[in-house]
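Okay, structure first, notes after.
Number of protein chains: 2
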Amino acid sequence: MATARPSRRKVSNSVTIVDVAKAAGVSYSTVSRVFSGYEFVNEETRERVVEAANKLGYVVNLQARSLAGGRSNIVGLLAPGLDNGYITEIVSGIDQELAQHGLDLMLYTTHRYPGKEAFYVKTIANGLVDGLILLVPLVTTNYIQALPRQDFPYVLIDQTNSTSNSPSVDATNWQGAYDATTYLIKLGHRRIGFITGYLELSSATERLDGYRAALQHHRIPLDENLTVMGDYLTTGGYAGAQKLLNLAERPSAIFASNDLEAIGVMNAAHQRGLRIPGDISIIGFDDIPQASLVYPRLTTVRQPLVQIGQVAVRLLLERIDTPEKDARRVTLSTELVIRESCAPPAG
Amino acid sequence: MATARPSRRKVSNSVTIVDVAKAAGVSYSTVSRVFSGYEFVNEETRERVVEAANKLGYVVNLQARSLAGGRSNIVGLLAPGLDNGYITEIVSGIDQELAQHGLDLMLYTTHRYPGKEAFYVKTIANGLVDGLILLVPLVTTNYIQALPRQDFPYVLIDQTNSTSNSPSVDATNWQGAYDATTYLIKLGHRRIGFITGYLELSSATERLDGYRAALQHHRIPLDENLTVMGDYLTTGGYAGAQKLLNLAERPSAIFASNDLEAIGVMNAAHQRGLRIPGDISIIGFDDIPQASLVYPRLTTVRQPLVQIGQVAVRLLLERIDTPEKDARRVTLSTELVIRESCAPPAG
DNA sequence: AATAATCTTGCAAACGCTTTCAATTGGAGA
DNA sequence: TCTCCAATTGAAAGCGTTTGCAAGATTATT
Chain A
40 MATARPSRRK
50 VSNSVTIVDV
60 AKAAGVSYST
70 VSRVFSGYEF
80 VNEETRERVV
90 EAANKLGYVV
100 NLQARSLAGG
110 RSNIVGLLAP
120 GLDNGYITEI
130 VSGIDQELAQ
140 HGLDLMLYTT
150 HRYPGKEAFY
160 VKTIANGLVD
170 GLILLVPLVT
180 TNYIQALPRQ
190 DFPYVLIDQT
200 NSTSNSPSVD
210 ATNWQGAYDA
220 TTYLIKLGHR
230 RIGFITGYLE
240 LSSATERLDG
250 YRAALQHHRI
260 PLDENLTVMG
270 DYLTTGGYAG
280 AQKLLNLAER
290 PSAIFASNDL
300 EAIGVMNAAH
310 QRGLRIPGDI
320 SIIGFDDIPQ
330 ASLVYPRLTT
340 VRQPLVQIGQ
350 VAVRLLLERI
360 DTPEKDARRV
370 TLSTELVIRE
380 SCAPPAG
Chain B
40 MATARPSRRK
50 VSNSVTIVDV
60 AKAAGVSYST
70 VSRVFSGYEF
80 VNEETRERVV
90 EAANKLGYVV
100 NLQARSLAGG
110 RSNIVGLLAP
120 GLDNGYITEI
130 VSGIDQELAQ
140 HGLDLMLYTT
150 HRYPGKEAFY
160 VKTIANGLVD
170 GLILLVPLVT
180 TNYIQALPRQ
190 DFPYVLIDQT
200 NSTSNSPSVD
210 ATNWQGAYDA
220 TTYLIKLGHR
230 RIGFITGYLE
240 LSSATERLDG
250 YRAALQHHRI
260 PLDENLTVMG
270 DYLTTGGYAG
280 AQKLLNLAER
290 PSAIFASNDL
300 EAIGVMNAAH
310 QRGLRIPGDI
320 SIIGFDDIPQ
330 ASLVYPRLTT
340 VRQPLVQIGQ
350 VAVRLLLERI
360 DTPEKDARRV
370 TLSTELVIRE
380 SCAPPAG
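First to last, the protein sequences are chains A and B.
For reference, each letter of the first sequence is one residue, going 40 to 386 in the numbering used here.
For reference, each letter of the second sequence is one residue, going 40 to 386 in the numbering used here.
This is the structure:
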């Protein structure tokens, strides 16, 4: 799209249905029917065609098929990047489910076309892909408005656009945060620091709300100093931890809005010579693969990431196959995974 | 491909060059020329066409373009999976470079079609993609033989197929391992454990050779017990570390063939209450993002992963644009990154 | 002023496949 | 034996572009 590159005419030595038809002594329509799985083809004819095709090494041209048939069997995925276990786990779920249905994956990282997202979405949605999965889209409406048709199939992951009724998948962020906070409280913690996620995302605000609700429910007064801004990144977690640990009366536990942040918190703690969980308890969110690889292994709120990806694909297929049905929103349950980064407070 | 899904005729309310042509009062060839960047179009005409296109919301149909023009501007990437910082870093480099050239990325994880890789490669290489990048392909020949044409453009990453002269990119594995080992020796270590990578891969054998060469060069006798099998995975590193640490005379340093393994080693060490690097030094290979997030930060041999991806794309474009030129093989330099996981031996 | 060279533009033929429509064939039912 | 229906196949019309060829328009040359 951007930089047009020279385009030579294809040196097309590839064998087409016409060649196969000739070799099998049938019309090319028949060959097409054989390979597109049409049922009313004489068994004998079919065999003859398949044999001829094998001999010639025929392989279907997907481009042509989709141009003619109106369906590419390719799904587009718009993701912010691949630099994050959270994302790659979901992508892996998407990938699995797609393979299951014989669909292919076209990957687009949204940082590629800053400012031109809309144009980009328009282009790929125009024939190239049958549907779009938007993974944690920051500027949802940008994308959605760019869709070529009102009813172009798409599904949102982990971004609830409250204004629209888009099909979407997410997890119980509020409940997860509530559970994590309650767990710390039950361990005896009273001063619990919280590092927010990137608050433009609904998941981040929901987790914050869950944290607050748990405190309130257990009649622990909310200390504003104990909530610091984060961005869902390790660096943000590190910075947030510094602030919290510099507090005169520092927290005995820190709840980071995701595991990446939690790892940043661990780094900060290690650096100060604080023992985890002896001196400070740390809990994360997501349960990315890394969470069980750090030392000590991170206690966290597990999101069923792979499953989220799978469900997204299923929802998308629903949209593609039965556009008339209402969009569904699926919210999967989170689960507290207790490992070794939390303990009762020292005092 | 696998499970054929129902295919309804496209509800094509999309606007085509014909519509634009009509609105602008020119032939559709002219519209095509305007959008395909043909230079000899009257400026005035061009403006009229662009205006009409904007008004109608025209967007090119990439499928049709590539069917007619013989080029899709899509590159296929075959990767084992996305569950590894090593891979995602390279993919990120590929992605960047692709975007630079206006190319799109189609992602295929090879575990999707066990046993049917050949058929699969045939299909996507038949019109859908202009070239293929094979990322750490285990069964290289399977893929290469499946290519529809002898000269179908492809490039190998980090797998040197010595028998063929394929275009490929890799890093100085031998030298990197030599450097790492030498570094440990210079620190005073004499008993240095080594955990191999997955030995089917050339990178793994090269690293093993580099390790041995360094020992030999410094006249340290090779103790076979100090070399254990690994698989480039964290679990393998953990298991390997157990074996090494159970040795009667255990090593004072462990060189893991990649960072994932090194993290496994760290876990094993932590679990035994060994201090890193006080009680044991650990060094890895790759410098994946995680390497600087673990505690203590991992000393490792850096591969320019992002750059490897970028170079791969450039090599691929060379193949596509000038197939007559000889295939190149590029080997990028590794670099020792000293962080905090190594120190002189205790005694 | 006449001729040649250069721009511009339109026409029509692909690209490889799907799908509608109609025709043919071979019984089954009457 | 005649009619009707289902199974099977072929012909042809696209799907939305690109591009070679040729003709008309312009401008440069002599």
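Using N, Cα and C, we set each Cβ at its ideal position, and we do this for glycine too.
Query                                                                                                                                   : Result
Bridge partner(s) assigned by DSSP for residue 14/B                                                                                     : Only positions 40 to 386 of chain B appear in this structure, which leaves residue 14/B out of reach.
Burial state of residue 339/A, where buried means 16 or more other Cβ atoms lie within 10 Å                                             : buried
heavy atom of the ligand FAD below 8 Å from residue 254/B C-beta                                                                        : Absence of the ligand FAD from the depicted structure is noted, as is the absence of any ligand whatsoever, leaving it without description.
Under the three-state DSSP convention, the category residue 146/B falls into                                                            : strand
Residues, ordered as in the chain, of the stretch 146 to 163 of chain B that lie near chain A by beta-carbon distance below 7 Å         : 146, 148, 151, 161 and 162
Residue-level contact to chain B via CB, residue 296/A, 9 Å cutoff                                                                      : no
Beta carbon of residue 275/A nearer than 9 Å to that of residue 245/A                                                                   : no
Delimiting residues of the alpha helix (DSSP H) encompassing residue 67/A                                                               : 67 to 74
Inter-residue CB distance, residue 371/A and residue 210/A (contact presumed, cutoff 8 Å)                                               : 5 Å
Within chain B, the residues that residue 130/A reaches when beta carbons sit closer than 7 Å                                           : 121
Boundaries of the beta strand (DSSP E) in which residue 368/A is found, first to last residue                                           : 368 to 371
Residue 382/B - DSSP class collapsed to helix/strand/coil                                                                               : coil
Residue burial classification, residue 386/A (beta-carbon count within 10 angstroms, cutoff 16)                                         : exposed
Same chain only: Cβ atoms within 8 Å of residue 100/B, ignoring 5 sequence neighbours per side                                          : 53 and 55
Element boundaries [beta strand (DSSP E), containing residue 125/B]                                                                     : Where residue 125/B is concerned, there is no enclosing beta strand (DSSP E), although the alpha helix (DSSP H) it sits in stretches over 124 to 139.
Neighbouring residues, chain B, relative to residue 68/A (Cβ below 7 Å)                                                                 : The premise fails here: residue 68/A is roughly 16 Å from chain B at the closest Cβ pair, so nothing lies under 7 Å.
Stretch pair the stretch 118 to 134 of chain A + the stretch 75 to 85 of chain A: three plus CB contacts closer than 8 Å                : no
Residue 57/B - DSSP class collapsed to helix/strand/coil                                                                                : helix
Residue-chain proximity (residue 65/B, chain A), Cβ-Cβ < 9 Å                                                                            : no
CB of residue 334/B within 9 Å of CB of residue 297/A, strictly                                                                         : no
Coarse secondary structure for residue 105/B, derived from DSSP in three states                                                         : helix
Residue 93/B at chain A interface by Cβ criterion, 9 Å                                                                                  : no
Limits of the unbroken beta strand (DSSP E) element including residue 338/B                                                             : 338 to 341
Where residue 217/A falls: helix, strand or coil (DSSP)                                                                                 : helix
Of the listed residues 289/B, 378/B, 116/B and 237/B, nearest to residue 351/B (C-alpha basis)                                          : 116/B
Cβ of residue 302/B within 9 Å of any chain A Cβ                                                                                        : yes
Enclosing beta strand (DSSP E) for residue 325/B [first to last residue]                                                                : 320 to 325
Beta-carbon proximity list for residue 230/B, same chain, < 6 Å, skipping 5 on both sides                                               : 290 and 291
Below-9 Å beta-carbon distance, residue 167/A vs any chain B residue                                                                    : yes
Straight-line gap, residue 129/B to residue 347/A (C-alpha atoms, nearest Å)                                                            : 25 Å
For residue 374/A, the three-state DSSP class (helix, strand or coil)                                                                   : strand
Buried or exposed (CB count within 10 angstroms, at least 16 for buried), residue 225/B                                                 : exposed
Contacting residues, own chain, Cβ-Cβ under 6 Å from residue 142/B (five flanking each side not counted)                                : 112 and 114
Beta strand (DSSP E) runs contained entirely in the stretch 174 to 218 of chain A, provided each spans 3 or more residues               : 193 to 196 and 207 to 210
With 16 other Cβ atoms within 10 Å as the buried cut-off, status of residue 273/B                                                       : buried
Contacts around residue 80/A, its chain only, beta-carbon distance under 6 Å, and the 5 residues preceding and following it disregarded : 72 and 73
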